[in-house]
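Below is one structure, written out as structure tokens, with a few remarks after it.
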Amino acid sequence: MAIENAKSAQVGLTGNSAVALAMKQINPDVCPAYPITPSTAVIETFSSYVADGEVDTELITVESEHSAMSAGIGAAAAGARVMTATSAQGLALMWEMLYIASGMRLPIVMTNVNRALAAPINIHCDHSDSMGARDSGWVQLYSETVQESYDNVFMAVRIAEKVKLPVMVCLDGFITSHAIENMDTIEDADVQAFVGEYEPEVSLLKESELPTTYGAMSLPDSYMVFKKQQSEAMSGAKKVVEEVSAEFAKKFGREYGLIDSYKLDDADVAIVIFNSATGTTRVAVDELRKEGHKVGVMRIRLFRPLPHAEIAEALNGLKAVACLDRVDSFNDFGGPLFNEVRSSIYDLENRPKVISRIYGLGGRDYKVSDARSVFEELLKIVETGTVEDTTKYITI
Amino acid sequence: MTDKDNNEEFPAGGVILDGGNADGYETGGWRKLKPVLDKEKCTNCLICWVMCPDSAIIVEDGKVVGFDMEHCKGCGICDVECPPKINAIKMVSEEEAD
Ligand code: SF4
Ligand code: SF4
């Protein structure tokens, strides 16, 4: 569904339509795309904006996702503002080029609608696609709602261009991408004022520059220097995400942190989680609070770079924490969220016990009762002081 | 990318900002065989000058006068490309040449 004209208004949109609308309002220079379920409607809707002449974007219909990212890299090196979208196998096929985009420091913005990786083939939500790409040098923002997915796309453009790193905006396949939610749009003019013009310091097509070379070989005398620069840029991205989110909140009234804590301050136990499952967990928190239990939930919005200090600060004083991963690392030791959160809090003097629970793979439902069972396990850990299962599959 | 003492100043993403800086990279050190020109046989057709991947054939006033040994990597392309009937370039080992 293509949205005609965006005034600041309340509308009902799916996650995919909201992302496509955000892309339309940004009006990127180039969009190389190869649609894939469940992000198809992002490109489908955006291509109708292109066909109707509502954007100036060059839409490049390529023959694979590897080519989509390759074309994006070429266009970004030429100085274009580049956006695209993908999911699951599409992201996997881009793998080689993901590292090239980040290594060449190109601020491409890509929406990844989270979907389970095959095999067995499955089109529904889990985080195996973007979690596999967590070390590819892309900034990763995870979105809980349609509203946040829409808002994150604008912020992603600003963050990417400031830190010179590509940014991936993740939202849950079908749950967020296909469900209609009430949300507020931002006026076109305000979007343009927020994202501004893209003016890269150097690019292949920049006038008055001597010819530049992109993607040249770098041997042991220099390769590591570029990796250190990239690593420092990623560390610096945390502050930029904070600044851009603060500016967004000031202009549009919606606040987003690096992490999002709910009733954590006086909590004994908490669940740490990503994306749409947070809302379900909050309902369980409210129920258990009414029953007198001190429980809370933390959602990670920024996963790359990892806000490890903020995570440690927020979990300091808790007694037991469950990290819920919608992906398995197949390492016999829990999912990526578990390992990184556990590592983040290691230096706390009285660190909480931390367990890993893997849930919702391939779109398996996660219900309020599932969150409640995890909280009950945590409360039992606090009571007995012992952890029976550090890692376990739930919702199965 | 030759300034090893100034690593921190390398442009982000490995972008090379100076055009034509391959000149500063001396590929001559790779050489095992070196080309030797027989000026008697050479017709100055300049096929070798066109084909040399390192622009190492030195031409003055339309005539081949020698090789840029800082950049000639000894690939032997000039030897192969020089028309067989003329065969004015021979690849020889460095020791043999000395
Ligand atoms: S050997 Fe190769 S590099 Fe040297 S002059 Fe001949 S073609 Fe050029
Ligand atoms: S190709 Fe042979 S004949 Fe022609 S200019 Fe070179 S050396 Fe001379």
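Chains as they are written, first to last, in my numbering: chain A, 1 to 396; chain B, 1001 to 1098. Backbone N, C-alpha and C fix where the C-beta goes; we use that ideal spot for every residue, glycine too.
Shortest alpha-carbon distance to residue i belongs to which of the options?
i, options, result
"residue 68 (chain A)", "A:53, A:54, A:87", "A:87"
"residue 1012 (chain B)", "A:28, A:163, A:60, A:272", "A:163"
"residue 298 (chain A)", "A:329, A:330, A:337, A:332", "A:337"
"residue 335 (chain A)", "A:128, A:23, A:65", "A:128"
"residue 446 (chain A)", "A:37, A:54, A:131, A:13", "Past the edges of chain A, shown from 1 to 396, lies residue 446 (chain A), and the structure says nothing about it."
"residue 296 (chain A)", "A:52, A:198, A:317", "A:317"
"residue 315 (chain A)", "A:46, A:350, A:385", "A:350"
"residue 149 (chain A)", "A:256, A:52, A:192", "A:256"
"residue 154 (chain A)", "A:220, A:371, A:224, A:198", "A:198"
"residue 292 (chain A)", "A:379, A:355, A:279, A:220", "A:379"
"residue 152 (chain A)", "A:395, A:23, A:125", "A:23"
"residue 35 (chain A)", "A:94, A:277, A:344", "A:94"
"residue 348 (chain A)", "A:366, A:374, A:310, A:324", "A:310"
"residue 355 (chain A)", "A:224, A:340, A:177, A:172", "A:340"
"residue 1033 (chain B)", "B:1058, B:1072, B:1085", "B:1072"
"residue 180 (chain A)", "A:374, A:381, A:14, A:352", "A:14"
"residue 133 (chain A)", "A:102, A:183, A:220", "A:102"
"residue 1086 (chain B)", "B:1009, B:1038, B:1028", "B:1038"
"residue 382 (chain A)", "A:267, A:114, A:357", "A:267"
"residue 194 (chain A)", "A:280, A:135, A:20, A:26", "A:26"
Skipping 5 residues on each side, what residues in its chain have a beta carbon closer than 6 Å to that of residue i?
i, result
"residue 79 (chain A)", "200, 203, 205, 206"
"residue 60 (chain A)", "32, 71"
"residue 1067 (chain B)", "1035, 1056"
"residue 1001 (chain B)", "For residue 1001 (chain B), the predicted structure reports a pLDDT of 43, less than 50, and the residue's modelled location is therefore unreliable. A value from the coordinates is still provided. There are no such residues."
"residue 344 (chain A)", "308, 311, 312"
"residue 1017 (chain B)", "1011"
"residue 1059 (chain B)", "1049"
Quick check on the burial criterion: 16 or more other C-beta atoms within 10 angstroms. Buried or exposed for residue i?
i, result
"residue 410 (chain A)", "Outside the displayed range of chain A (1 to 396) lies residue 410 (chain A), so it cannot be described from this structure."
"residue 398 (chain A)", "In the structure displayed, chain A extends from 1 to 396; residue 398 (chain A) sits before or after that span and is not available."
"residue 321 (chain A)", "buried"
"residue 1004 (chain B)", "The pLDDT assigned to residue 1004 (chain B) is 49, lower than 50, so where the model puts this residue is not dependable; a value taken from the coordinates is nonetheless given after this. The residue is exposed, with fewer than 16 neighbouring Cβ atoms inside 10 Å."
"residue 12 (chain A)", "exposed"
"residue 1083 (chain B)", "exposed"
"residue 385 (chain A)", "exposed"
"residue 192 (chain A)", "exposed"
"residue 45 (chain A)", "buried"
"residue 396 (chain A)", "exposed"
"residue 39 (chain A)", "buried"
"residue 331 (chain A)", "exposed"
"residue 1019 (chain B)", "exposed"
"residue 294 (chain A)", "buried"
"residue 112 (chain A)", "buried"
"residue 91 (chain A)", "buried"
"residue 390 (chain A)", "exposed"
"residue 1010 (chain B)", "buried"
"residue 1041 (chain B)", "exposed"
"residue 52 (chain A)", "exposed"
Ignore the nearest five residues each way along the sequence and tell me which others in residue i's own chain have a CB closer than 7 Å to its CB.
i, result
"residue 283 (chain A)", "368"
"residue 28 (chain A)", "57, 81, 82, 83"
"residue 1077 (chain B)", "1051, 1052, 1053"
"residue 159 (chain A)", "139, 167, 237, 240, 241, 244"
"residue 1079 (chain B)", "1035, 1089, 1090, 1091"
"residue 50 (chain A)", "57, 59"
"residue 54 (chain A)", "24"
"residue 161 (chain A)", "107, 198"
"residue 47 (chain A)", "59"
"residue 370 (chain A)", "359, 394, 395"
"residue 43 (chain A)", "33, 35, 85"
"residue 156 (chain A)", "109, 141, 167, 169"
"residue 97 (chain A)", "66, 69, 70, 73"
"residue 218 (chain A)", "226"
"residue 1062 (chain B)", "1044"
Leaving out five residues before and five after residue i in sequence, what residues of the same chain have Cβ atoms less than 8 Å from its Cβ?
i, result
"residue 1047 (chain B)", "1081, 1082, 1083"
"residue 214 (chain A)", "77, 104, 204"
"residue 182 (chain A)", "10, 11, 12"
Original post:
When you check each C-beta in the stretch 1021-1035 of chain B against every C-beta of chain A, which residues fall closer than 7 Å?
Top reply: Near chain A, meaning a CB-to-CB distance below 7 Å, no residue of the stretch 1021-1035 of chain B qualifies.
Subject >> Residues in the stretch 158-176 of chain A having any Cβ partner in chain B nearer than 9 Å >> reply: Shown in chain order are the members of the stretch 158-176 of chain A whose Cβ falls below 9 Å from a Cβ of chain B: 164.
Subject >> Residues, ordered as in the chain, of the stretch 229-251 of chain A that lie near chain B by beta-carbon distance below 7 Å >> reply: 229
**OP:** Taking a Cβ distance cut-off of 9 Å, strictly less, list which residues of the stretch 209-223 of chain A are near chain B, in chain order.
**Re:** 209, 210, 211, 212, 213, 214, 215, 216, 217, 218, 219, 221, 222, 223
Original post:
Between the stretch 1054-1075 of chain B and chain A, which residues of the former have CB atoms less than 8 Å from a CB of the latter, in chain order?
Top reply: none
Original post:
Between the stretch 100-128 of chain A and chain B, which residues of the former have CB atoms less than 8 Å from a CB of the latter, in chain order?
Top reply: Within the stretch 100-128 of chain A, 103, 104, 105, 106 place their CB atoms closer than 8 Å to a CB of chain B, listed in sequence order.
Original post:
Closer than 7 Å, Cβ to any Cβ of chain B: which residues of the stretch 188-207 of chain A, in chain order?
Top reply: 202
**OP:** Give the residues from the stretch 314-335 of chain A that approach chain B closer than 9 Å (Cβ to any Cβ), ordered along the chain.
**Re:** none
Original post:
Using a Cβ cut-off of 8 Å, which residues of the stretch 1077-1091 of chain B contact any Cβ in chain A, in chain order?
Top reply: none
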